[in-house]
Amino acid sequence: MENEILTGSVVGDEGVLALEELARACGTEAEWIVELVAVGVLAPQGRETPDWRFRAADLTCARRVARLQRDFGATIEAAAVMIDLLHQIDQLRARLRQAGLDVE
Numbered sequence: 500m501e502n503e504i505l506t507g508s509v510v511g512d513e514g515v516l517a518l519e520e521l522a523r524a525c526g527t528e529a530e531w532i533v534e535l536v537a538v539g540v541l542a543p544q545g546r547e548t549p550d551w552r553f554r555a556a557d558l559t560c561a562r563r564v565a566r567l568q569r570d571f572g573a574t575i576e577a578a579a580v581m582i583d584l585l586h587q588i589d590q591l592r593a594r595l596r597q598a599g600l601d602v603e
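The sequence shown begins at 500 in this note's numbering and counts up by one.
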């Protein structure tokens, strides 16, 4: 039995993933990430594409979109709407918890 050593980095909330790194982490092409930015799903730091930096939350969001596309055949535009609605639901649940109400 051969042991395999894996190395990784902790991705914080600061912009640490470049476009190609985010695409690789999602198992997709950079063009797909550019489309996510174009429809407003992701908002990278940096003005020009080569300067874009993404946060850990962007990785989570992009993976969610990929799942929506894979599992439901959603277009990027439809997935963008779904992601926005899921985000709003999360925010409302957090507000209910803060108010001391049972959420579920």
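Ideal placement from N, C-alpha and C gives every residue a C-beta, glycine not left out.
Residue i (DSSP reduced to helix, strand or coil)
i: ARG569; result: helix
i: ARG552; result: strand
i: ALA517; result: strand
i: LEU591; result: helix
Contact set for residue i: own chain, Cβ-Cβ below 7 Å, skip 5 residues either direction
i: ALA579; result: VAL538, GLY539, VAL540
i: ARG596; result: VAL602
i: CYS560; result: VAL540, LEU541, ILE582
i: ARG562; result: CYS525
i: ALA529; result: LEU518, GLU519, ALA522
Rounded distance between the beta-carbons of residue j and residue i, thought under 8 Å
i: GLY545; j: ARG552; result: 6 Å
Own chain residues within Cβ distance below 6 Å of residue i, not counting five before or after
i: ILE575; result: GLU534, VAL538
i: ALA573; result: LEU567
Residue i versus the options, residue with shortest Cα-Cα distance
i: ARG569; options: THR527, ALA517, ARG523, VAL515; result: THR527
i: PRO549; options: LEU516, ALA598, GLY599, LEU591; result: LEU516
i: LEU584; options: VAL536, VAL564, GLY599, LEU600; result: VAL564
Proximal residues to residue i (C-beta, below 8 Å), its chain only, five neighbours per side dropped
i: VAL536; result: ALA542, PRO543, TRP551
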